[in-house]
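Take the sequence shown: its letter number 251 is residue 385 in the working numbering, and every next letter is one higher.
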Amino acid sequence: MRALLTTTYESDFVSTEIEKPTPKQGEVLIKIHASGVNPIDNKVRIVGSPYASPVLPAVLGTDLAGVVEAVGKNVTDFKVGDEVYGLAGGVLGLQGTLAEYTAVDADLLAIKPKNLSMKEAAAVPLVLLTAWEGLIDRAKVKKGDQVLVHAGAGGVGHMVVQLARIFGADVYATVSPQKAAIVESYGATPIDYKTAKVEDYVKQFTGGKGFDIIYDTVGGQSLDDSFAAIRHYGQIASCYAFGTHVLATGSLRSASLHGVFVLHPMISGEGRKHHGDILKEAAKFIEEGKLKPLIDPRNFTLDAAMEAHKAVSDSSSVGKIVVDIV
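Okay, here's the thing in structure tokens:
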């Protein structure tokens with residue numbers, strides 16, 4: 135089968151013929167139709183990641199959508215011909231999705247939403263799972279909560295905004311003026327992160343009390359701002375809490391901080407079934423028209439995968455970047 139290998143960091147992909155994998159017990163063989171590109175994919179390719187990088191040479195790519203071509207022993211949830219999607223590889227010893235086929239732990243997968251194309255479905259898993267873990271599993275969002283999402287038009291952010299609305303929250307999102315219409319279309323109130331001061335929007339939208347839940351998808355100053363914008367006993371989730379921060383402001387508000395590292399189930403094996411279950415639940419929302427992935431309009435093939443990675447790194451994308459394999 136054809137696959138793109140990363141042989142050294144910061145290098146171009148190398149198109150190579152490698153052996154098609156055979157599914158082991160608990161695995162399914164998938165013919166990959168589309169591979170979603172995430173910032174972590176590009177980070178691994180350029181500089182590596184101490185938490186997730188595979189041993190090179192390796193096939194990168196984390197998200198996929200495709201068709202089950204064979205099933206291993208003890209697989210009961212899927213059959214040959216099923217269309218599936220999932221966060222399925224590209225870290226440590228797991229083959230990635232920039233290839234024609236891959237063998238994947240069936241627990242990581244779910245049936246693809248029927249109303250999404252393969253390209254659209256491949257854009258969903260990592261960002262949806264990251265959003266769900268922080269907002270629903272950890273912060274326990276509920277009807278009536280005031281939720282602030284930093285970078286609400288981004289990959290994870292636009293999923294957090296929509297999920298919060300589905301669960302009945304009143305949602306606000308920091309965005310650039312150029313992307314305000316995106317979050318407004320999801321039912322959120324945009325906040326111009328370039329001009330708005332934290333104390334001003336906290337006063338304007340919460341009466342100075344602070345937000346019940348804040349989801350930070352940016353890190354750095356945005357996480358610091360979250361400590362200042364949270365209410366007493368509020369919940370902060372962050373998928374980018376990798377820097378050094380002074381926690382005093384949040385601690386004095388008795389706020390809880392939840393770190394989200396969505397690759398942990400793939401890397402450790404712990405909680406893989408939960409990821410499959412989340413994707414199954416999310417498929418219902420998608421099929422009901424309540425949840426929609428934002429897709430960058432450009433088309434990338436396997437031959438143009440390097441350009442797809444560059445589109446993620448240069449911040450030129452509006453929506454998720456996806457590589458079409460088929």
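No residue lacks a Cβ here, since even glycine has one placed at the ideal position from N, Cα and C. A quick note: this is a predicted structure, and the numbers were derived from the prediction, not measured.
Quick check: what's the CA-CA separation for PHE361 versus VAL181? Going by the C-alpha atoms only, they are around 30 Å apart.
Leaving out the 5 sequence neighbours to the left and right, which residues in its chain are closer than 6 Å to MET293 when beta-carbon positions are compared? Counting only Cβ-Cβ distances below 6 Å, and skipping sequence neighbours, we find VAL261, LEU262 and ALA265.
Closer than 7 Å by C-beta to ALA256: which residues in its own chain qualify, once you throw out the five before and the five after it? Chain order, please. Only ALA168, SER169, GLY170, ASP197, LEU198, ALA199, TYR219 and VAL456 meet the Cβ criterion.
Could you say which of LYS331, LEU226 and VAL189 lies nearest to GLY403 if we only look at CA atoms? Residue LEU226 is the option with its Cα nearest to GLY403.
Between the C-alpha atoms of HIS408 and ILE245, what's the straight-line distance to the nearest angstrom? Between HIS408 and ILE245, the C-alpha separation is close to 14 Å.
Would you mind sorting ALA315 into buried or exposed? The rule is 16 or more other CB atoms within 10 Å of its CB. Exposed, since its Cβ has fewer than 16 Cβ neighbours within 10 Å.
With DSSP as the reference, label HIS392 as helix, strand or coil. The DSSP-derived three-state label of HIS392 is strand.
Would ALA186 and ILE174 qualify as a contact pair, given that the criterion is a beta-carbon distance under 8 Å? Yes.
Please work out which residues of its chain come closer than 6 Å, Cβ to Cβ, to ASP350, disregarding the five sequence neighbours upstream and downstream, and give them in chain order. Same-chain partners within the cutoff: HIS284, SER356, LEU357, SER360 and SER372.
Please report how far the alpha carbon of ARG365 lies from the alpha carbon of ILE348, in whole angstroms. Those two C-alpha atoms are separated by around 10 Å.
My understanding is that LEU221 touches PRO259, with C-beta atoms under 8 Å, so please give their C-beta distance in whole angstroms. 4 Å between Cβ atoms; contact.
Continuous beta strand (DSSP E) stretch holding THR236: start and end: Looking at the DSSP string, the run of the beta strand (DSSP E) that includes THR236 is 235-239.
In chain order, what residues of the same chain lie with their CB nearer than 8 Å to the CB of ILE300, ignoring the 5 residues before and after it? Counting only Cβ-Cβ distances below 8 Å, and skipping sequence neighbours, we find PHE419, LYS424 and LEU425.
Residues near TYR367 in its chain [Cβ-Cβ closer than 6 Å; skip 5 each side]: Cβ neighbours of TYR367 within its own chain (closer than 6 Å, five residues either side excluded): SER388.
Residues in its own chain within less than 8 Å of ILE429 by CB, not counting five upstream and five downstream? Once the five neighbours on either side are set aside, the close Cβ partners of ILE429 are LYS253, GLU254, ALA257, GLY453, LYS454 and VAL456.
Cβ of ARG179 within 8 Å of Cβ of HIS443? Note that the C-beta distance between ARG179 and HIS443 is below 8 Å.
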